[in-house]
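Going by the working numbering, the first residue of the sequence shown is number 1, and it counts up by one from there.
Backbone N, C-alpha and C fix where the C-beta goes; we use that ideal spot for every residue, glycine too.
Bear in mind that the values here come from a model prediction, so they are computed numbers and not experimental data.
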Amino acid sequence: MGVQASGTGIVAYDSELVRKGWVLKGLVQAKSTSFWDGLTGMSEDAVIYQKNDFAVKEGHEVHFQMDGNLVGSAHVDKEQAWGNSEQKKLFSDSLRVKRLRWSVDNGDKFDAKNVGDLSLAEHGDSRSKLSDLFIRAKDQMIFDAGLGLLHNEAPTHTYLPNLKANIGALVAADVFTYGFAMDLEDVIKSGRGYTSGGTRRPLEPYKLADGRKVWLMVVDSRQSRDIRKDNDFIGIAAQADVRGENNILLKGVIGTLGAFVIIEAQSAFGTASAELGKSSVEICGLRKVDSAGLFEGQPGFGAGGTVVASRGLILGRGAFQVGFGKQPDYKFKSSQDFDIKSESALEVWMNVQKTILNTENIDYVDAKVAGHDYGVVVFDTFYELKA
1 MGVQASGTGI VAYDSELVRK GWVLKGLVQA KSTSFWDGLT GMSEDAVIYQ
51 KNDFAVKEGH EVHFQMDGNL VGSAHVDKEQ AWGNSEQKKL FSDSLRVKRL
101 RWSVDNGDKF DAKNVGDLSL AEHGDSRSKL SDLFIRAKDQ MIFDAGLGLL
151 HNEAPTHTYL PNLKANIGAL VAADVFTYGF AMDLEDVIKS GRGYTSGGTR
201 RPLEPYKLAD GRKVWLMVVD SRQSRDIRKD NDFIGIAAQA DVRGENNILL
251 KGVIGTLGAF VIIEAQSAFG TASAELGKSS VEICGLRKVD SAGLFEGQPG
301 FGAGGTVVAS RGLILGRGAF QVGFGKQPDY KFKSSQDFDI KSESALEVWM
351 NVQKTILNTE NIDYVDAKVA GHDYGVVVFD TFYELKA
């Protein structure tokens, strides 16, 4: 008796509903590998505010709205309240959805008919590989948005160690230390003391499941190494953290430091582009940046005479926006040469950006919300570039 086809392994090319459901399931399965998976939600309370509008096609916009709180003073005794009420504050942002397609050459072993057992089918292999590539590409879009590469939107607020004015002024002593992290925490909380960008509203923290309010600090491997070699950090961690093999000095995971939850990200490998979807992503992660403003993966990065920095991210509530338009689709096309070979494509309508809010009516006077990176701050530390 032949092998029975799996009910979930049928891809009917004449049924758009079946085809889209099949690829969407593959994307959901691949999502577990995303660096940003646990930080994505359907409201501004998450680090990544994702909105799905499957009625939106390329060129159309997905809109995001955020409310402000009231700050007005009281009306005392017989002061007239009517007509002098405070207007509710409303902020918004939008992104324009683009159609992105990733394709793969299936060679000459692809069956253009309905596919049965996905474990043996070329359709299943193509879906798996395309889904994996999409997750890495989307992750890199978010990294690049935070770093200031995507859409050429440079960071509005930066912080460098030892009062250095820019990356070109960094020297070997300007690395990521415990003292630097504590100074940075004060800057994030107070909204004052940034290297560039001036005074701003304190970065809004996001809540953990237990209700704690924290900021996410994303560092690269060099920054992680530097703080774990710092004498101040070693002394505190040796006494304050748990004993045995789970001590952070031994297991190499920094964890929580002050109000920061520190996560080490991989370094990006592949090419870099400011245009959405145009970076080739071998490994997704943080990129170094040099004093000429070039990012790791761009031609000319780290050329002689430039200083290179590790760029880390401080992320708060509503830092990024991810908008999806039409539901993702899986496309297949056989060759004109009598179907001797074929290619498959994953088609997605989406865009990614940092949250930079616009004022719908009125902004705050001092703690302004609009016009700057709402939930992202970058910090640069010295990096010795080696071949």
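> Are at least three pairs of beta-carbons, each pair with one atom in the segment 316-327 and one in the segment 336-356, less than 8 Å apart?
Replying inline: yes
> In terms of residue numbering, what span does the alpha helix (DSSP H) encompassing SER221 cover?
Replying inline: 221-229
> Quick one: Cα of ASP380 to Cα of ASP45, how far?
Replying inline: 27 Å
> Can you tell me whether DSSP reads ARG136 as helix, strand or coil?
Replying inline: helix
> Would the segment 289-302 and the segment 155-168 be scored as touching if the rule is three or more Cβ pairs under 8 Å?
Replying inline: yes
> Apart from the five residues on each side of it in sequence, which residues of its chain come closer than 6 Å, Cβ to Cβ, to ALA137?
Replying inline: VAL281
> If we count Cβ pairs, one from each stretch, closer than 8 Å, do we get three or more for the segment 206-225 versus the segment 151-161?
Replying inline: no
> Is the segment 269-276 close to the segment 294-310, with three or more CB pairs under 8 Å?
Replying inline: yes
>> So ASP286 and ALA265 are supposed to be a Cβ contact under 8 Å. How far apart are they, rounded?
In response: Looking at the sequence provided, one finds Leu at residue 286 rather than Asp. Correct: roughly 5 Å between the Cβ atoms.
> So is LEU315 buried or exposed if we call it buried at 16+ other beta carbons inside 10 Å?
Replying inline: buried
> Roughly how many whole angstroms lie between the Cα atoms of ALA112 and ASP329?
Replying inline: Low local confidence applies: a pLDDT of 43 at ALA112 is under 50, so the model's placement there is unreliable, with the coordinate-based value given in what follows. Computed Cα separation, rounded: 16 Å.
> Between the beta-carbon of TRP349 and the beta-carbon of LYS326, is there less than 8 Å?
Replying inline: yes
> So PRO155 packs on VAL378, CB below 8 Å; how close in whole Å?
Replying inline: 5 Å
>> Which of the three DSSP states is assigned to TYR374 in this structure?
In response: coil
> Where do the ends of the beta strand (DSSP E) carrying LEU184 lie?
Replying inline: Here LEU184 belongs to no beta strand (DSSP E); instead the alpha helix (DSSP H) covers 178-190.
> Are SER335 and SER342 closer than 8 Å when you measure CB to CB?
Replying inline: yes
> Does the distance from the C-beta atom of ILE135 to that of SER34 stay below 8 Å?
Replying inline: yes
> Since ASP220 and GLY312 are thought to touch, with beta carbons under 8 Å apart, how far apart are those beta carbons, to the nearest angstrom?
Replying inline: 7 Å
> Taking the alpha carbon of GLY279 as the point to measure from, which residue in ILE142, GLY41 and ASP125 has its own alpha carbon closest?
Replying inline: The sequence as given places Ser at residue 279; Gly does not occur at that position. When only C-alpha atoms are compared, the closest one is ILE142.
>> Let me confirm a value: SER224 is counted as buried when at least 16 other C-beta atoms fall within 10 Å, else exposed. Which label applies?
In response: buried
>> Using the three-state DSSP reduction, which class does SER196 fall into: helix, strand or coil?
In response: strand
>> Assuming TYR194 and ASP230 are in contact, meaning their beta carbons sit under 8 Å apart, how far apart are those beta carbons, in whole angstroms?
In response: So it is not a contact: roughly 23 Å between Cβ atoms.
>> What does the alpha-carbon distance come out to for the pair LEU133 and THR359?
In response: 37 Å
> Helix, strand or coil for ARG212 per DSSP?
Replying inline: coil
>> Give me the residue from ASN152, GLU347, GLU384 and PHE382 with the minimum Cα distance to ARG127.
In response: GLU347
> Can you round the beta-carbon distance between GLY255 and MET182 to whole angstroms, since I take them to be within the 8 Å contact cut?
Replying inline: GLY255 to MET182, Cβ: 16 Å. No contact.
> Considering only residues of the same chain and omitting the five flanking positions on each side of ASP186, which have a CB-CB separation below 8 Å?
Replying inline: GLY193
> Less than 8 Å separating the beta-carbons of VAL376 and TYR206?
Replying inline: no
> The beta strand (DSSP E) with LYS51 in it runs from where to where?
Replying inline: 48-52
> Where ARG200 and SER190 are concerned, what is the direct C-alpha to C-alpha distance, given to the nearest angstrom?
Replying inline: 9 Å
> If you drop the 5 nearest sequence neighbours on each side, which residues of the same chain put their C-beta closer than 7 Å to that of GLY244?
Replying inline: Note that GLY244 scores 46 on pLDDT, short of 50, meaning its location in the model is unreliable; the coordinates nonetheless yield the value given after this. Taken in chain order, the list of residues that qualify is empty.
> When the distance is taken between beta carbons, is ALA274 closer than 8 Å to LEU100?
Replying inline: no
> If you run the structure through DSSP and keep just helix, strand and coil, what is GLY41?
Replying inline: strand
>> In whole angstroms, give me the CA-to-CA distance for ASP391 and ILE234.
In response: Limits of the chain in this structure are 1 at one end and 387 at the other, which puts residue 391 out of reach.
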